[in-house]
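Residue numbers (our numbering), protein chains in the order written: chain W, 1 to 321; chain V, 1001 to 1260.
Cβ coordinates follow ideal geometry from the N, Cα and C atoms, glycine included.
Note sheet for the following structure.
Structure (structure tokens):
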């Protein structure tokens, strides 16, 4: 239902997203994991046709069969909300503080779907019920500041669902929320994807949230997808050195006392200083000669899984010989 | 033995805005009869969500505000009983690191100036160049970084600068309020290791406030779980995490667990 092939985004200083490939079918839940500077948010924006001015986008984005690569703003506007919708980290800033939340949710129903105000209100109420908003009838006439963070995020989800999108992009939707609220929001997203047969692209730096929300996982570093596969499988047996390092650096619930954590040396370089070849070279610790200059191609690690690393290719060849 | 820091049955209430002219303003009890002790070289985790009272507790320990009941005793001294001059001297002994290093550093000042700030607050004159250089090296930065501005550093480096500022007075207690929450995983690991190294080198006691049980499990000896101003459960971190007695603690565990 959404298929991305060879998606690259380049700024004046150089490429900031390189050759991204992904697909999300109806009802599928794909996680995108990465740290600051990985390009994960830019990827989400590009799937909404909202890449900032001054960046050059190439590649194919097929949404529901329609090629959106190179599409103009008018074409994206027809698609947004109805086919693809997005929710963000900060539910407060995404809602108009001066409007009742019921009106905010009813507006696209009137504008895009041509519903009467009465019918739009009924649909908004149904959406509030579906997204588990407490006291939905009463909430319709409240303002954002009267709601808790978790309830606001549910309103945003209701708004995103208003025109029955086929893909929901959630960019760090739980980062600003308390743990138990975040837990309930991720459960809600999983339920909605199942019941509506809606695709979910769940972007987060929180591996625990991604692990309980998604079936497949994409790991990004420096604008490249470095590894992808079944979520449980990637977390159990990561193949790319960056994924290995990221999982090792993650504090463990089972530590039970002071324990030094394995670290990835250094920090993510600014985009213009990223190595041309493997983006992770310079921090990897296992490099071979070609890593800095030659871009590694994906190597299959399991059915439907791959990692882009020269070491894996060398190892695969060694095993085959 | 009461430990380096003893918090004894502290309660802190706030007056909320009046809802009616004819009724007294409602009160919110942010912290209710919380007690604990913390020894040199030990790390105590305070876990809870927004509204649990954990940040109020940090402010009470730092002496930024006084409890309505109970006492905060640091190194044998009841903070509420100290004269302003004695309080200023006592402050050398305890420092704080916050969540957002960008917000807590003056953007227009070179970081060396910010790092020396606690020394100036002690009434000590001079440019403190030697002390700043030493503090920078202690947190894994270089002496020449003192001349740069906050925007020239990454998020992890800025948190190192905030930690340098906290250790420049050679404190015995460090209060870290969500100090690693805003950092990426790989940077977070570096900062957690730094805090453990500094604890070993300086014999610091650390009060580590966090909502993330996985982080707490990796850096704390003991943990105290708070909700709505009260202590729900407490104990050695291994005991609380393997045998939680409260549903709330189980929820926090579920939120931090990797599922497979």
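Taking a Cβ-Cβ threshold of 8 Å, the residues of chain V close to residue 263 of chain W are 1186, 1189, 1190 and 1193, in chain order. Think of a sphere of 7 Å around the beta carbon of residue 96 of chain W: no beta carbon from chain V falls inside it, the nearest being about 24 Å out. Restricting attention to V/1103, V/1114, V/1205 and V/1060, the CA atom closest to the CA of residue 1164 of chain V is found in V/1114.
Under the three-state reduction of DSSP output, residue 1107 of chain V falls in the coil class, being neither helix nor strand. The beta carbons of residue 174 of chain W and residue 185 of chain W sit closer together than 8 Å. Not one beta carbon of chain W lies nearer than 8 Å to the beta carbon of residue 1137 of chain V. Interface annotation for the segment 1214-1227 of chain V against chain W: 1214, 1215, 1216, 1217, 1218, 1219, 1220 and 1221, criterion Cβ-Cβ distance under 9 Å.
Nearest in C-alpha terms to residue 169 of chain W, of all of W/290, W/82, W/121 and W/244, is W/82. Inside the segment 1134-1207 of chain V, DSSP marks whole beta strand (DSSP E) runs of 3 or more residues at positions 1173-1177, from first to last along the chain.
By the neighbour-count definition (other C-beta atoms within 10 Å, threshold 16), residue 1247 of chain V is an exposed residue. Bridge pairing for residue 221 of chain W: W/224 [DSSP]. Residue range 1005-1015 is occupied by the beta strand (DSSP E) that includes residue 1014 of chain V, with no alpha helix (DSSP H) assigned at that position.
When DSSP states are grouped into helix, strand and coil, residue 39 of chain W belongs to the coil group. No Cβ of chain V is located within less than 8 Å of the beta carbon of residue 189 of chain W. Under the Cβ distance rule, residue 212 of chain W counts among the residues neighbouring chain V, one pair being separated by less than 8 Å. Scanning its chain for C-beta atoms nearer than 7 Å, with the 5 sequence neighbours on each side dropped, one finds around residue 283 of chain W the residues 264, 265 and 266, in chain order. Interface annotation for the segment 240-264 of chain W against chain V: 245, 246, 249, 250, 251, 252, 253, 254, 255, 256, 257, 258, 259, 260, 261, 262, 263 and 264, criterion Cβ-Cβ distance under 8 Å. Residue 80 of chain W and residue 166 of chain W have their alpha carbons spaced roughly 11 Å apart. Here the segment 1170-1188 of chain V lies against the segment 1208-1220 of chain V, with 3 or more beta-carbon pairs under 8 Å apart.
Within chain W, not a single residue places a beta-carbon under 8 Å from that of residue 1145 of chain V; the smallest gap is close to 14 Å.
Residue 128 of chain W sits in a helix when the DSSP states are folded into three classes.
Residue 153 of chain W: member of the alpha helix (DSSP H) spanning 149-161, first to last residue. When only Cα atoms are considered, residue 1137 of chain V and residue 1167 of chain V end up about 11 Å apart. Bridge pairing for residue 306 of chain W: W/228 and W/300 [DSSP].
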